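Numbering (the working numbering), first residue to last: 2 to 214.
See below for the structure under consideration.
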Amino acid sequence: MYEVANHSIEDNKKLGPQPRIHGTARVVESEIGSWADIGAGSNIYLSTVGDYSYTAGDAQIVYTDVGKFCSIASHVRLNPGNHPMWRVTQHHFTYRRQAYDFDTRDDEEFFEWRKEHRVMIGHDVWIGHNATVMPGVKVGTGAVIGAGAVVTKDVDPYTIVVGVPAKPLRPRFPQQVAERLLTIAWWDWPREVLEERFNDFLNLELFLEKYSI
């Protein structure tokens, strides 16, 4: 993983071990994996993005851990900010106090509360255009989040969810196949193994036959 403080890496034409981060993207105090690709206009804050994962553009990722080989479409929002519904007002002047000149310090306890509700995205997850994953939600490996979905509950591995609020549509694979893929855990293979076995990824039946334990 490459630690990125508060700036962008120049855009390159080809992906490589160092992540490609578009010049208009903003990455703050986050870690971005090898071969990752952060698209134009994306904002990533206090998060991790695993190897080979990408955002198509204009994604907002906050307090989130994204696994490897994830496909994040444009305008996806992972972990939108919660507001203090229990207070007299939900407006952020009660916690962003300095901006409104109500205090010399912001409400750090409130921001720590937000940080505690991290979003967790497994490996090989596809998140469709304009989808939102709410604070504290865990999305299992191999899952699919339909375009425009609002995910308020955890998603099981290799499950397709759609709608508002998102509900399971169907399994991506039969349970036996999903379990075998989770056991193989191909996303943890080193680069040289991925290169050697690349063509096997094109045939599910062959892949399971060759690598099931």
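Don't be surprised by glycine CBs; every beta carbon is placed ideally from N, CA and C.
Source: prediction; values computed, not measured.
Looking at the backbone, the Cα of R173 and that of T142 are separated by about 11 Å. Between the C-alpha atoms of H124 and T105 there is a straight-line separation of about 42 Å. When the five nearest sequence neighbours on each side are left out, the beta carbons in the same chain lying within less than 8 Å of the beta carbon of P85 are those of Q91, T95, Y96 and F111, in order along the chain.
Apart from sequence neighbours up to five positions away, the residues of its chain that approach V126 with a beta-carbon distance below 6 Å are C71, V140 and A144, ordered along the chain.
Each of K69, W190, A167 and V29 was checked against the Cα of D52, and the nearest Cα belongs to K69. For the options A148, G147 and D157, the alpha carbon positioned closest to that of V138 is the one of D157. Judged by DSSP in its simplified three-state form, Q99 adopts coil rather than helix or strand. In this structure, DSSP gives I185 a helical state, which the three-state scheme calls helix. Per DSSP, the continuous beta strand (DSSP E) segment holding V163 begins and ends at T160 to V163.
Cβ-Cβ distances below 8 Å link G40 to H23, A26, Y55, T56, A57, G58, D59, A60 and S75 in the same chain, with the five nearest sequence neighbours on each side left out; the list follows chain order. The stretch 82-127 contains, as complete alpha helix (DSSP H) runs of 4+ residues, the segments 109-117 (chain order).
Boundaries of the beta strand (DSSP E) harbouring Y46: N44 to Y46, taken from the DSSP string. The beta carbon of L16 is closer than 7 Å to those of W36 and D38 in its chain, skipping five residues each way along the sequence. K211: member of the alpha helix (DSSP H) spanning L205 to Y212, first to last residue. One Cα belongs to R78, the other to V134, and the distance between them is close to 6 Å. Here Q177 carries a helix assignment [DSSP, helix/strand/coil].
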